[in-house]
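Enquirer: When the letters of the sequence shown are read in order and numbered with our numbering, they come out as residues 179 to 383.
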Amino acid sequence: AVMTLAPLAMIVRLRSRERENRGSDVALLAIALFAACSARRFGSILMALEIVLLTRSARAVPPLRLRTPFTVVTLPGLALAALYFARAPKDPFAQVPRAAVAFVDSAHLPDRVWNPYHWGGYLDYVWAGRRKTFIDGRNNLFSNGVFDDARAIEGAGPAALSLLRLYEIRTVIAERGSPLDRLLALDGGFVRRARERLANVYVRR
179 AVMTLAPLAM IVRLRSRERE NRGSDVALLA IALFAACSAR RFGSILMALE
229 IVLLTRSARA VPPLRLRTPF TVVTLPGLAL AALYFARAPK DPFAQVPRAA
279 VAFVDSAHLP DRVWNPYHWG GYLDYVWAGR RKTFIDGRNN LFSNGVFDDA
329 RAIEGAGPAA LSLLRLYEIR TVIAERGSPL DRLLALDGGF VRRARERLAN
379 VYVRR
């Protein structure tokens with residue numbers, strides 16, 4: 179209802195006899211509509227703008243006629259609203275290596291998995307302690323130097339391979355295109371076993 183009300187609020191504001199700030203009000207409403215189409219959290223802002231503008235503008239509105247401002251401003255608003263309702267449902271796992279994790283499990287790859295910092299929470303959730311992951315978002319648990327080592331490994335620094343040996347890492351889930359991904363692709367100590375949209379899976383030879 180909030181999305182479909184926005185074009186009506188634009189029409190009412192354009193037809194209002196109050197000309198002061200009329201163009202900027204309609205532009206602001208259009209921006210809020212675009213933001214609400216992008217993320218649902220902006221819907222409350224859009225609703226507040228609609229209430230304010232409709233209350234202020236609906237006092238004296240002449241009969242509606244289809245004119246150029248309507249075509250230029252409100253039809254794009256209607257199109258944005260239609261796109262919002264027609265878009266695919268949001269995938270909560272779009273930014274995590276779901277396929278790589280499934281491969282690690284199905285191929286029974288060895289434990290002691292190295293993972294980037296930003297995927298650690300997801301791996302903890304999926305594996306629920308069944309596998310040893312390297313790091314996750316609980317920074318207070320890794321203040322003993324592990325956090326710095328994780329950054330050195332992820333950045334493929336000079337000590338990256340020796341640190342992987344030190345921690346006895348046998349499986350690596352590396353973000354595709356990352357420095358570590360490129361390093362392991364060239365290193366003879368690891369072999370790539372899987373490739374997915376976000377990650378490559380390497381296993382120590």
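From the three backbone atoms N, C-alpha and C, an ideal C-beta is built for every residue, glycine too. The structure presented is a predicted model; accordingly, all values stated were derived computationally and were not measured.
Starting from ARG370, trace the beta strand (DSSP E) both ways and give me its first and last residue.
Expert: It spans 368 to 373 - the beta strand (DSSP E) in which ARG370 sits, taken as one unbroken run.
Enquirer: On the DSSP bridge assignment, give the partners of ILE351 in chain order.
Expert: In DSSP, ILE351 forms a bridge with VAL379.
Enquirer: In the DSSP assignment, what are the bridge partners of ASP311?
Expert: According to the sequence displayed, residue 311 carries Thr and not Asp. VAL291, per the DSSP bridge assignment.
Enquirer: Can you list the alpha helix (DSSP H) stretches of 4 or more residues lying completely in the region 200 to 234, in chain order?
Expert: Within the region 200 to 234, the complete alpha helix (DSSP H) runs of at least 4 residues are 200 to 216.
Enquirer: Can you tell me whether PHE320 is helix, strand or coil according to DSSP?
Expert: PHE320 falls in the helix class under three-state DSSP.
Enquirer: Compare the C-alpha of VAL282 against each of ASN378, PHE368, GLU346 and name the closest.
Expert: If we check each option's Cα against that of VAL282, ASN378 comes out closest.
Enquirer: Identify whether VAL282 lies in helix, strand or coil by the three-state DSSP scheme.
Expert: Three-state DSSP puts VAL282 in a helix.
Enquirer: Do ALA352 and PRO294 count as a contact pair if the criterion is CB distance below 9 Å?
Expert: Contact flag set, yes.
Enquirer: For the putative contact between ALA210 and ILE223, defined by C-beta atoms under 8 Å, what is the C-beta separation to the nearest angstrom?
Expert: Between ILE223 and ALA210 the Cβ distance is about 6 Å, and since that is below 8 Å, they are a contact.
Enquirer: TYR300 lies in the alpha helix (DSSP H); which residues open and close that run?
Expert: From DSSP, the alpha helix (DSSP H) with TYR300 extends over 298 to 305.
Enquirer: What first and last residue would you give for the alpha helix (DSSP H) that runs through VAL190?
Expert: Note, VAL190: alpha helix (DSSP H), 180 to 193.
Enquirer: Does DSSP put PRO275 in a helix, a strand or coil?
Expert: PRO275 falls in the coil class under three-state DSSP.
Enquirer: Buried or exposed: which applies to VAL279, given that a residue is buried once 16 or more other Cβ atoms fall within 10 Å of its Cβ?
Expert: Under this definition VAL279 is a buried residue.
Enquirer: Can you grab the Cα-Cα spacing for the pair ILE331 / LEU342, in whole Å?
Expert: Roughly 7 Å separates the two Cα atoms.
Enquirer: Answer with buried or exposed for THR349, where buried requires no fewer than 16 other C-beta atoms within 10 angstroms of its C-beta.
Expert: Per the 10 Å Cβ criterion, buried.
Enquirer: Could you check how far apart the C-beta atoms of GLY366 and ARG382 are, in whole angstroms? I think they sit under 8 Å.
Expert: Not confirmed; about 11 Å, so no contact.
Enquirer: Is the beta carbon of VAL304 sitting closer than 9 Å to the one on ILE313?
Expert: No, Cβ-Cβ distance for VAL304 and ILE313 is not below 9 Å.
Enquirer: What are the boundary residues of the alpha helix (DSSP H) that SER340 is part of?
Expert: Run containing SER340: 338 to 344, per the alpha helix (DSSP H) assignment.
Enquirer: Which of the three DSSP states is assigned to GLU198 in this structure?
Expert: Here GLU198 sits in coil by DSSP.
Enquirer: Would ALA277 and ALA372 be called neighbours here (beta carbons separated by less than 9 Å)?
Expert: Yes; because the gap between Cβ atoms is below 9 Å, this pair is in contact.
Enquirer: How would you call ALA185, buried or exposed, if buried means at least 16 neighbouring beta carbons within 10 angstroms?
Expert: With the sequence shown as reference, residue 185 is identified as Pro, and Ala is not the correct amino acid for it. The residue in question, PRO185, is buried, as its Cβ has 16 or more Cβ neighbours within 10 Å.
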